[in-house]
Every structure is written in structure tokens, then in C-alpha cells.
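> For the sequence shown, our numbering assigns the number 115 to the last residue and increments by one with no breaks.
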Amino acid sequence: MPNNLGKDKDNLQTQLIELAEKIKRRFNPHKIILFGSYAYGKPTEGSDVDFLIIMDTDIPLRKQASLIRRELTGLIPIDIIVRTPEQVEERIKLGDFFIKQIVQKGVIL
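So, in C-alpha cells, the structure goes:
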């Protein structure tokens, strides 16, 4: 399914910031990190937007990701990973390459 993100860089950046602001207003995360092709690659028409959302939550992380995704339904294809600050710190200490790469190379919104 093609996404609805603008092709020009300024429009794309504006749309990504608007998505992040919507998440911030509704869920109050510590940090939102854009990763994947939109952050450090070359997105294609079929690319989705990847966010690591670092936040405190009392509900299961997959359910929290689902709630956030539902808030953004229909806007664009999106993949959301939710982790607590402690989980991110622990994964980095354990040498988790995936999380480490997101934190080091991702774009904080």
C-alpha cells in the first residue's frame, strides 16, 4: 500500500513532526525516535514509518503500541515499537544492536 507522505523533503519533515506532535500530546512519551528508511535510508513508495517510542506505561507494550497506532490510523503505514526508558538502557547494556542502532542513528522528533 503506497503511503501518503509527501515526496519533497520539507513536506515530509513537516508531516513526520506532525505525527510526533500528535503522539506527544496524547501519550506524553519521554522520546520519539524515527528510524529505518525515513531516518537513514532511501524510503520507497511502499516504505512505512518506523518509530521507537520511549515512555513509561502500565499496560503491556504491544497494547500501548497498538493504541498509538490506532491514533494514527489511515494517515500512513507505520510501525511502532514501545519500550520503557529502563528497557532501552538495559538492552543497550546487553549489546542489543537493533536498539543501539536506533538510539545512535535515529532521528529524535
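All C-beta atoms in this analysis are idealised placements derived from N, C-alpha and C, irrespective of residue type, glycine included.
1. Here's a check: name, in chain order, each residue in its chain whose Cβ is nearer than 8 Å to the Cβ of isoleucine 29, leaving out the five neighbours to either side.
2. Along the chain, where does the beta strand (DSSP E) containing lysine 37 start, and where does it finish?
3. Along the beta strand (DSSP E) that carries isoleucine 82, what are the first and last residues, could you check?
4. Which residues does DSSP pair with aspartate 56 in a beta bridge?
5. Please state whether DSSP places isoleucine 29 in a helix, a strand or coil.
6. Starting from lysine 99, trace the alpha helix (DSSP H) both ways and give me its first and last residue.
7. Could you tell me the alpha carbon to alpha carbon distance between glutamine 107 and alanine 71, rounded to whole angstroms?
8. Note down the Cα distance separating glycine 42 from valine 55, rounded to an integer number of angstroms.
9. Using C-beta distances below 6 Å, list every residue in its chain close to tyrosine 44, excluding the 5 sequence neighbours before and after it, in chain order.
10. I think aspartate 115 touches leucine 40, with their Cβ atoms under 8 Å apart; what is that distance to the nearest whole Å?
The structure says:
1. Excluding positions up to five away in sequence, the list reads Pro35, Ile38, Phe57, Ile59, Ile74, Glu77 and Leu78.
2. Start and end: 37 to 41.
3. That residue, isoleucine 82, is in no beta strand (DSSP E); it is neither H nor E in DSSP.
4. In DSSP, aspartate 56 forms a bridge with Phe41 and Asp85.
5. For isoleucine 29, the secondary structure class from DSSP, reduced to helix, strand or coil, is helix.
6. Element bounds for lysine 99: 91 to 99.
7. Rounded to the nearest angstrom, the two C-alpha atoms are 20 Å apart.
8. C-alpha separation (whole angstroms): 7 Å.
9. Val55, listed in sequence order.
10. One point to set straight first is that residue 115 is leucine, not aspartate, in the sequence displayed. With 8 Å as the limit, leucine 115 and leucine 40 qualify as a contact, their Cβ atoms being about 6 Å apart.
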